[in-house]
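One structure is given here, and the rest of the page talks about it.
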Amino acid sequence: MAETTVAHGRSIVEVESLSYRYPKGKTPTLKGITYGIDAPRFVAIMGPTGAGKTTFAMTLNGLVPQFFEGDVSGRVSVMGMDTQKFRIQTLVSRVGLVMQDPETQIFGITVREDVAFGPGNMGLPPVEIEGRIPESLRVVRLAGYEGRFTSELSGGEKQRLAIAGVLAMRPEVLVLDEPTSELDPLGRDEIYAAVDRLQREQNLTILAVEHSSEDIAERADEIVVVNQGEVVWRGRPRDLFCNAPLTMSFGIRPPQVCEFGWRLYELGLIGQRDVPLTASEAADLVRRILKGRSIPRGVSRTLHEAAPDDFSPVSPPPCQATPHGTSGYDASSQMQGGPGRSGTTTCAPVAIRVEGLEHSYGQTTQALRGIDLEIRRGEFVALVGQNGAGKTTLVKHFNNLLKPTRGRVVIDGADTRGETVSSLSRRVGYVFQNPDHQIFCSTVEEEVGYGLRNLGLTPEAARERVREVLRFVGLEAVADRHPFTLGKGERQRVAVASVLVMKPNILVIDEPTTGQDWTGAEHMMRLVRDLHRAGHTIIMITHDMRIVAEYAERVILMHKGKVVADGTPAEVFSQREVLRSAYLAPPQISLLADELADVGMLPGVTTVDEAVALVAAALEDGSQGGTPLSGTPQGGAPPG
Amino acid sequence: MFLEYIPGRSIIHRLDVRSKVVAFICLMVVLFLFRSPAYNAAIVLAVATIAAAARLPARKLWGVLGPLVPVFVFIMVITGYTYPASMFTTEAARRVLFYSWPGRHLPVSTGGILYGLTLLLRILTMVVASSVLTLTTPLDDFLQLLRAMRVPYEMSFIITTGIRFVPTMERKAAMVLDAQRARGTMVETGGMIQRIKAYVPVMVPMIVDSIRMSENLACAMLNRGYGATRNWTTLRKMAMRPRDYLVLAACAALTVAAVAAARCGYGAL
């Protein structure tokens with residue numbers, strides 16, 4: 010922009026002891042935030058769910074307190090404009106805010122109309138608007154999409170269109186509230202490519218609320234950690250992420266290589282300052298420690314065999330103890346003599362058999378192009394692939410929500426053709442991604458028991474079953490609460506419980522961790538693992554490769570309606586070419602493994618534990634006890 | 003969606019929305035001047051020619067007309083019985099075609115049948131003409147027209163946003179329905195009352211979701227500067243071109259001619 014206020018020493022964002030309480034809130038959402046930005050940069054706002062990040066973002070263009078009224082004190086000014094004094098509609102020409110759900114941010118029937126909406130509201134001359142449309146679309150890589158119908162765009166394209174719509178108003182500050190949380194990996198990459206371009210070409214100040222530390226570790230100039238309405242930490246990504254315990258104490262998961270580095274530091278192998286931020290830094294570091302030694306072959310093999318079930322994440326996330334101990338709930342009781350425990354899957358009976366399955370929507374779109382698959386009882390399968398690869402279409406055949414166009418699906422030996430959705434609901438449970446798409450009762454207990462109505466149980470038996478399930482998922486204490494008063498994580502548990510109550514052996518779980526912070530995701534995944542251990546066959550759709558590596562026993566990778574890879578996480582993630590062609594990236598630690606291939610690191614390394622164990626083994630194998638790289642560790646003795 | 007704009011470059015597409023609406027009104031006037039099916043058939047032919055010039059897909063038009071066929075037949079039968087021969091002025095129309103009951107009972111008049119034919123030709127004209135109008139004119143043009151007629155922006159905004167959200171809500175409804183069916187809800191069986199009851203689990207999440215969406219939508223409107231100025235810009239500007247004036251002149255001439263002809267007794271039945 011021509012009138013760069015920055016040059017005149019005025020700050021871009023200035024927040025002074027800002028406090029805010031929602032009209033019905035018991036406690037303030039923001040408590041005395043003081044913060045400033047005086048030069049264009051990329052700032053990541055991080056922190057657990059409910060910390061006040063979204064509220065803070067909305068104070069920057071005046072939505073809080075002008076739209077969401079409430080008790081406010083302190084001052085916010087952006088580009089020299091007080092956000093409590095200027096109208097929102099005036100502020101938005103300087104500060105653009107893109108919210109989480111793109112669906113409700115698109116107004117046009119065509120892409121062109123939508124981008125024109127903002128500048129049109131500003132009353133700009135048509136010629137000017139005509140110029141801004143292709144320009145904004147180009148930045149978000151939607152060039153040439155002008156005439157497309159907005160209803161036909163993918164999730165990622167919609168999100169980018171939402172950004173373009175705001176960019177067309179030429180703001181100097183861009184605020185993005187979790188721009189990638191609902192997207193698949195390719196969608197995320199595209200968003201960040203656009204963010205990079207904006208920074209490079211337009212010198213914008215960008216503030217992004219983000220959960221994924223790996224996406225921003227190398228991008229952000231600064232990280233602001235918000236917790237319980239306060240700014241609790243502020244600084245460079247390196248200073249935060251490379252101190253893994255500090256990062257975790259804020260409820261944020263550090264990048265995998267940082268966790269890896271911290272573990273090496275804990276083992277006394279490196280100094281605290283050597284903890285790497287990127288995969289290539291980590292590779293250099295390992296080379297220096299190994300000093301020419303390489304990883305012994307035998308170690309890698311035994312490691313993989315032991316891997317899938319018995320390790321937990323590095324350290325448990327803060328403030329979460331598993332609330333549910335062992336309970337009376339026993340899923341294996343309804344399995345006809347099937348093996349309860351996981352790990353013995355090879356001899357277990359087949360739970361799902363898919364033969365030559367094809368599915369077409371309408372006459373033109375073929376979503377599945379010949380799937381052959383066998384899933385045995387007690388398996389823990391992660392189904393991965395881009396949006397539109399056919400994952401959801403496939404699993405919807407398991408409970409008859411969709412019927413095969415060609416081929417067949419056999420559940421526990423019976424062809425689904427002879428079944429209905431409700432008869433299959435007793436054998437195949439399907440937990441949808443958004444719990445709010447099913448919750449309609451006024452108490453948790455009623456909600457969970459709803460499915461039992463058609464089962465003909467006595468009221469006592471039904472009640473007992475609901476209690477049992479609530480105990481298992483850890484919702485006993487809130488049985489009488491209204492589901493909508495619960496947090497997202499708990500509502501998701503309600504959804505799981507309402508499916509579990511039908512006692513299905515097979516559980517299909519669609520993106521259980523999407524849109525949740527680390528604590529929420531870990532909590533959910535522990536529940537999924539408990540279900541698996543109780544004997545359920547798990548089929549989980551997810552975009553989080555780290556979760557896949559840590560929890561799943563088997564990965565099925567789909568691309569364009571076909572299964573392109575199927576095996577253990579190590580096997581599938583080793584097939585880099587296949588992954589690339591399906592637009593997926595393996596967990597970050599696998600990139601480290603790639604760089605260290607010459608010293609014997611296997612491409613199948615997918616978790617921090619494996620990588621650490623391999624490095625440690627290499628050191629033991631060579632000279633007894635590796636010498637610390639840089640003398641005494643800085644910053645105190647290693648914990649633990 | 004039903005009768006959605008089909009982009010195109012035909013002469014009809016390129017006419018100004020005002021010319022099209024005026025032509026449409028003139029057509030409606032002319033349509034009710036003549037009772038003779040021959041004249042109305044000529045009008046149908048003219049409208050069909052225009053539809054062909056606009057390159058409208060015949061299949062889409064048939065999709066609208068197909069369900070009306072039984073109605074057409076029904077109209078002819080009814081008018082044949084109910085319009086007595088004495089009602090008509092021309093010699094041909096006053097003839098009784100046949101009696102459907104021995105002893106000269108329940109006569110069917112030629113005029114009645116012909117008039118029925120006229121009525122169905124009129125319906126046909128209206129359906130095809132309104133399809134031509136809506137399929138060749140983007141929504142934005144209609145909004146421009148509303149604006150020129152001093153209808154508030156809010157009104158036209160509600161119309162566009164409403165239309166924009168039809169596919170979104172359809173998708174949501176499908177998701178909710180799937181989620182409920184997956185936990186054993188039976189939506190497709192049972193009697194009337196049971197079916198209505200079964201839709202409660204679908205309607206409640208839909209309503210809750212809509213309320214949440216409306217709040218987000220309101221925020222998003224503000225984020226995009228909605229209401230910043232009264233003089234909002236739309237990219238499509240209505241512009242009368244020479245061809246539009248030609249169309250208007252032709253409409254005026256034809257309408258006047260048609261009125262005169264009708265008064266002289268042409269096209270009577």
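Chains A and B supply the protein sequences, listed in that same order. Take the first sequence: its position 108, counting from 1, is numbered 117 in this note's numbering, and each next residue is one higher. Take the second sequence: its position 104, counting from 1, is numbered 106 in this note's numbering, and each next residue is one higher. For each residue, glycine too, the CB sits at the ideal point set by N, CA and C.
In summary, Asp47(A) is exposed, with fewer than 16 beta-carbon neighbours lying within 10 Å of its beta-carbon over all protein chains present. Distance from the CA atom of Tyr560(A) to the CA atom of Arg535(A), rounded to whole angstroms, is 9 Å.
Using a CB distance cut-off of 8 Å, Ile52(B) does not count as an interface residue toward chain A. Along the segment 431-448 of chain A, going in chain order, the ones with a CB nearer than 7 Å to a CB of chain B are Ser431, Ser434, Tyr439, Phe441, Asp445, His446, Gln447 and Ile448.
Beta-carbon to beta-carbon, Ile225(A) and Ala360(A) are separated by about 40 Å, too far to satisfy the 8 Å threshold. Contact check for Val148(A) and Leu176(A): beta-carbon distance about 6 Å, within the 8 Å limit, so the pair qualifies. The residues Ala579 and Ser583, in chain order, have a CB closer than 6 Å to that of Gly613(A) in the same chain once the five nearest residues on each side in sequence are set aside. In chain order, Ala131 place their CB closer than 6 Å to the CB of Leu29(B), counting only its own chain and leaving out the 5 sequence neighbours on each side. The segment 86-147 of chain B contains, as complete alpha helix (DSSP H) runs of 4+ residues, the segments 112-138 (chain order).
Contact residues of the segment 539-570 of chain A toward chain B are absent (C-beta to C-beta distance below 9 Å). Looking only at Ala251(B), Leu256(B), Cys266(B) and Arg243(B), the smallest Cα-Cα distance to Ile13(B) is reached by Arg243(B).
Under the three-state reduction of DSSP, Gln168(A) is assigned to helix. Contacts with chain B (Cβ-Cβ distance below 9 Å) from the segment 130-144 of chain A involve Asn130, Met131, Gly132, Leu133, Pro134, Pro135, Glu137, Ile138, Glu139 and Ile142, listed in chain order. At least 8 Å separates the CB of Arg124(B) from every CB of chain A. Relative to the Cα of Met90(A), the nearest Cα in the group Leu100(A), Val81(A) and Gly83(A) belongs to Leu100(A). Under the 8 Å Cβ criterion, the segment 111-121 of chain B does not count as touching the segment 146-163 of chain B, having fewer than three qualifying pairs.
Residues of the segment 106-122 of chain A whose Cβ lies closer than 9 Å to any Cβ of chain B, in chain order: Leu106, Val107, Met108, Gln109, Asp110, Glu112, Thr113, Gln114, Ile115, Phe116, Gly117, Ile118, Thr119, Arg121 and Glu122. Taken through DSSP and simplified to helix, strand or coil, Arg30(A) comes out as strand.
By the Cβ rule, the segment 191-201 of chain A does not count as touching the segment 17-33 of chain A, because fewer than three pairs are nearer than 8 Å. Out of Ile115(B), Ile77(B) and Thr138(B), the CA that lies nearest to the CA of Lys62(B) is found in Thr138(B).
Asp293(A) sits exposed, since fewer than 16 C-beta atoms from the chains shown fall within 10 Å of its C-beta. In this chain, the beta strand (DSSP E) harbouring Asn236(A) covers Glu231 to Asn236. Taking a C-beta distance under 8 Å as the contact criterion, Val508(A) and Gly438(A) qualify as a contact pair.
Here Pro140(B) has Tyr7 as same chain residues with Cβ atoms under 6 Å from its own Cβ, once five neighbours each way along the sequence are excluded.
Straight-line measurement puts the Cα of Thr119(A) at about 36 Å from the Cα of Val32(B). The contact set of Asp142(B) on chain A, defined by CB atoms closer than 8 Å, consists of Glu122 in chain order.
Sixteen is the threshold: since fewer than 16 other Cβ atoms of the shown chains lie within 10 Å of the Cβ of Phe34(B), the residue is exposed.
Contacts with chain B (Cβ-Cβ distance below 9 Å) from the segment 458-469 of chain A involve Tyr459, Gly460, Leu461, Arg462, Asn463 and Leu464, listed in chain order.
In its chain, beyond the 5 residues on either side, Glu456, Tyr459 and Pro492 have a beta carbon closer than 8 Å to the beta carbon of Cys450(A).
A check of alpha carbon separations from Glu604(A) across Leu195(A), Thr374(A), Ala288(A) and Ser26(A) identifies Ala288(A) as the nearest. Met511(A) has a beta carbon lying within less than 8 Å of a beta carbon in chain B. Counting every other CB atom within 10 Å of its CB across the protein chains shown gives Lys412(A) a total below 16, marking it as exposed. Between the alpha carbons of Thr231(B) and Ser82(A) lies a distance of about 29 Å. With a threshold of 8 Å between beta carbons, Leu593(A) makes no contact with chain B. Contact residues of the segment 167-186 of chain B toward chain A are Pro169, Thr170, Met177, Val178, Asp180, Ala181, Gln182, Arg183, Ala184, Arg185 and Gly186 (C-beta to C-beta distance below 7 Å). In the three-state reduction of the DSSP assignment, His568(A) falls in the strand class.
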